[in-house]
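These notes are about the structure you will find just below.
Residue numbers (the working numbering): 1 to 594.
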């Protein structure tokens, strides 16, 4: 008999007694024994081969993959959020800051105090039933703390108010989801309220430890998550310039967007071992990469100048029944530093989604420009296409949602995103063209008889005034259209376009704000016919942005230099050290100083 077979027989005899005989009473014959032993060897060989291949697959063939999976299971990688940098005005007044806030969340499935559990005999399943009394009491205590403001003034909370009712219902409904493991009770909670809630939950759980009989109530599982909140202490002040961040703290509009990487900083990480349930193990070998907080922006904006600009702009928009908002810019002509920039009406960056304060104005604007704002039905199969009627015309949406339109209107920085016809302020530029080209001096005269014909068009001055024979200084002072039409004719189409281009009207200004339009509406030299040239000479034919107009006027009076406008004056680190200073950037000299 095979040696291994003899070994098994002896082993079996020791634990079970004599080796069993065959059905005929005879011992297993040698041939059968040999076959069984061979089969056993084959099975063991296959098993060994399988184990060997598995080891090869895990350690060699896919070793890197399994090592990564093992590290993922064994290591806990925690993100350390960087603090977003702040934004200051030129004198150091804070215009945007970040504060630590907390999200309060609960695990109702683990909150055994909120429900009773019974096992159904037929199925063996556990059925949970909400404990209404405990749920109501816990919801009330949490709501009082959430609305107290400081976590202590619970008696001052008006339990009959709508605010209390809504917050209570939110907490109650969330905790009622006893099969859920994560529900949010409140967001953007301050530290004092967070500590008060933690103390309450800790005290509740200590007082109602699991015991027996009537004392067996259970626990409440409420936890907190650290997050951040962007604050704009002056509300709508300079909103179009500052912009705002989204729910994740990422800059979405204004400076918050254009300087996102500067303000955001770099998140850090802590890598440590974790136990079987996923919690970190105290380990001296834990590796921490510290977060690098974001840098701060110090603006050229001056709060005093900004306040004056906003106040009078608001009054002007109301007094003149302005349909498409108004904007104002105050800029240092020599450096391009913007001291004030406003668009009105605007929004509060603390609550950018809320346009209710300007709803009536927005509805009037949308109604005044149906060709621009009308919403049409989209094709169900292709959202890029519109539904058409039998005549091939787009079908107006009978129940349009203007939410996105309203917000977009308010969020846009009108000074850089929208074109306008500058009108009479453009006469400063036409004057500079005439003087620099040498075709005129400040004493050059033209006659304004009240009307002036160009091709088939007849032009007039405002109010059909006739200024008589006047020089350039008087023409500029009295804003005489007819003088500048004649001056434009003397400059000529090609030279007019060359100056127009040099003054920066055919390109973006390069301001350090996002969404500056690249859409330009102007005539090239060969498109400037008699009428186009005449209208352009006093600002009625070429559409530009208000900031383009500002930079051009600055070049006309600062010695002829076209500068790049900027809102940020310098960038500082968390300790106030200057990281970068934004100096004057001269793009080119457009006209001579003389």
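Quick reminder that beta carbons are idealized off the backbone N, C-alpha and C, glycines included.
**Request:** Can you check DSSP and say which residues form a bridge with residue 268?
**Result:** Reading the chain shown from its first residue, position 268 is the one you call residue 268. Answer by DSSP bridge pairing, in chain order: 80.
**C-beta atoms of residue 536 and residue 496 nearer than 9 Å** = Here the question's residue 536 lines up with position 536 in the chain shown. Here the question's residue 496 lines up with position 496 in the chain shown. The answer is yes: Cβ separation under 9 Å.
**Request:** Go ahead and pull the three-state DSSP assignment for residue 232.
**Result:** On the chain shown, residue 232 is found 232 positions in, with the first residue counted as 1. Note: residue 232 maps to coil in three-state DSSP.
**Message:** Buried or exposed, going by whether 16 or more other CB atoms sit within 10 Å of the CB of residue 155?
**Reply:** Taking the first residue of the chain shown as position 1, residue 155 is located at position 155. Residue 155 is classed as exposed because its beta carbon has fewer than 16 other beta carbons within 10 Å across all chains shown.
**Message:** Using DSSP's beta-bridge definition, name the partner residues of residue 93.
**Reply:** By one-based count along the chain shown, residue 93 stands at place 93. In the DSSP assignment, residue 93 is bridged to no other residue.
**Continuous beta strand (DSSP E) stretch holding residue 453: start and end** = On the chain shown, position 453 is the one that residue 453 refers to. Element bounds for residue 453: 451–454.
**Prompt:** Are the CB atoms of residue 350 and residue 459 nearer to each other than 9 Å?
**Reply:** The sequence position of residue 350 within the chain shown is 350, counting from 1. The sequence position of residue 459 within the chain shown is 459, counting from 1. No, Cβ-Cβ distance for residue 350 and residue 459 is not below 9 Å.
**Message:** Check for me: the alpha helix (DSSP H) holding residue 372 runs from which residue to which?
**Reply:** One-based indexing of the chain shown puts residue 372 at position 372. Taken as a continuous stretch (DSSP letters only), the alpha helix (DSSP H) holding residue 372 covers 370–373.
**Message:** What does the Cβ neighbour count give for residue 365, buried or exposed, with the cut at 16 atoms within 10 Å?
**Reply:** Position 365 of the chain shown, counted from the start, is the residue given in the question as residue 365. Its Cβ being crowded by 16 or more others within 10 Å, residue 365 is buried.
**Request:** Measure from the alpha carbon of residue 498 to the alpha carbon of each residue in 481, 544, 508 and 437, then state which is nearest.
**Result:** Start at 1 with the first residue of the chain shown, and residue 498 comes out as number 498. Checked all of 481, 544, 508 and 437; the closest Cα to residue 498 is 437.
**Request:** Could you tell me whether the stretch 585–594 touches the stretch 559–573, where touching means 3 or more Cβ pairs closer than 8 Å?
**Result:** yes
**Item:** 7 Å Cβ shell around residue 519 - same chain, five flanking residues per side excluded
**Value:** Residue mapping note: residue 519 aligns to position 519 of the chain shown, counting from 1. 419, listed in sequence order.
**Prompt:** So, are the CB atoms of residue 320 and residue 326 less than 9 Å apart?
**Reply:** Taking the chain shown and counting its residues from 1, the one referred to as residue 320 is at position 320. Taking the chain shown and counting its residues from 1, the one referred to as residue 326 is at position 326. Yes; because the gap between Cβ atoms is below 9 Å, this pair is in contact.
**Message:** With DSSP as the reference, identify every bridge partner of residue 448, one or two as the case may be.
**Reply:** Translated into the one-based positions of the chain shown, residue 448 becomes position 448. According to DSSP, which records beta bridges pairwise, residue 448 is partnered with 468.
**Request:** Kindly indicate which three-state DSSP category residue 261 falls into: helix, strand or coil?
**Result:** Walking along the chain shown from the start, residue 261 turns up at place 261. Three-state DSSP puts residue 261 in a helix.
**Prompt:** Thinking just about the alpha-carbon of each residue, which of 526, 53 and 218 is nearest to the one in residue 117?
**Reply:** Position 117 of the chain shown, counted from the start, is the residue given in the question as residue 117. The shortest Cα separation from residue 117 among 526, 53 and 218 belongs to 218.
**Item:** residue 383 - containing beta strand (DSSP E), residue span
**Value:** On the chain shown, residue 383 is found 383 positions in, with the first residue counted as 1. Here residue 383 belongs to no beta strand (DSSP E), and DSSP marks it neither H nor E.
**Asked** Pairing CB atoms from the stretch 288–295 with CB atoms from the stretch 102–113, are three or more of them under 8 Å?
**Response** no
**Asked** The alpha helix (DSSP H) spanning residue 145 covers which residue range?
**Response** Within the chain shown, the letter at position 145 stands for residue 145. 132–148 is the extent of the alpha helix (DSSP H) around residue 145.
**Message:** Applying the 10 Å Cβ sphere with the 16-neighbour rule, what's the burial state of residue 132?
**Reply:** On the chain shown, residue 132 is found 132 positions in, with the first residue counted as 1. Within a 10 Å sphere around the beta-carbon of residue 132 sit fewer than 16 other beta-carbons, which makes this residue exposed.
**Prompt:** For the alpha helix (DSSP H) that contains residue 518, what are its first and last residues?
**Reply:** Counting from 1 along the chain shown, the entry for residue 518 is found at position 518. No alpha helix (DSSP H) contains residue 518, which DSSP labels as neither H nor E.
**Message:** For residue 549 and residue 396, which I take to be in contact (beta-carbon distance under 8 Å), what is that distance rounded to the nearest angstrom?
**Reply:** As a working note, residue 549 is residue 549 in the chain shown. As a working note, residue 396 is residue 396 in the chain shown. So it is not a contact: roughly 36 Å between Cβ atoms.
**Request:** Go through its chain and collect everything with a Cβ distance to residue 242's Cβ below 8 Å, but skip five positions before and after it.
**Result:** The sequence position of residue 242 within the chain shown is 242, counting from 1. Same-chain partners within the cutoff: 87, 95, 96, 232, 254, 255, 256 and 349.
**Request:** Measuring alpha carbon to alpha carbon, tell me which of 93, 115, 181 and 139 ends up nearest residue 128.
**Result:** In the chain shown, counting from the first residue as 1, residue 128 sits at position 128. Closest by alpha carbon: 115.
**Request:** Output the residue ranges of the beta strand (DSSP E) runs that lie fully inside the stretch 548–576 and measure 3 residues or longer, sorted by chain position.
**Result:** 561–563 and 568–572
**Message:** Let me check one thing: in DSSP terms, what residues is residue 331 bridge-paired to?
**Reply:** Locating residue 331 in the chain shown gives position 331, where the first residue counts as 1. The partner list for residue 331 (beta bridge, DSSP) reads 338.
**Prompt:** Going by the CB atoms, is the gap between residue 189 and residue 104 shorter than 9 Å?
**Reply:** Sequence index remark: in the chain shown, residue 104 carries index 104 (1-based). Sequence index remark: in the chain shown, residue 189 carries index 189 (1-based). Result yes, Cβ atoms of residue 104 and residue 189 sit closer than 9 Å.
**Message:** With H, G and I counted as helix, E and B as strand and the rest as coil, what does DSSP make of residue 388?
**Reply:** The residue given as residue 388 occupies position 388 in the chain shown. In the structure shown, residue 388 sits in a strand (DSSP, three-state: E or B).
**Prompt:** If you check the beta carbons only, do residue 89 and residue 299 fall under 9 Å apart?
**Reply:** If you number the chain shown from 1, residue 89 lands on position 89. If you number the chain shown from 1, residue 299 lands on position 299. Yes. Within cutoff.
**Prompt:** For the stretch 30–59, which segments carrying the alpha helix (DSSP H) assignment without a break, of at least 4 residues, lie completely within its bounds, in sequence order?
**Reply:** Here the runs fully enclosed are 30–56.
**Item:** Which residues DSSP lists as bridging residue 209, in chain order
**Value:** Residue numbering aside, residue 209 sits at position 209 when the chain shown is read from its first letter. Paired residue(s): none; residue 209 is not in a bridge.
**Asked** Around the Cβ of residue 596, are there at least 16 other Cβ atoms within 10 angstroms (buried) or fewer (exposed)?
**Response** The structure shown does not extend to residue 596, since the chain spans only 1 to 594, so no value can be given for it.
**Asked** Pick from 303, 178, 181 and 145: whose alpha carbon is nearest that of residue 164?
**Response** As a first step, residue 164 is located in the chain shown; it is residue number 164 there, counting from the start. When only C-alpha atoms are compared, the closest one is 145.
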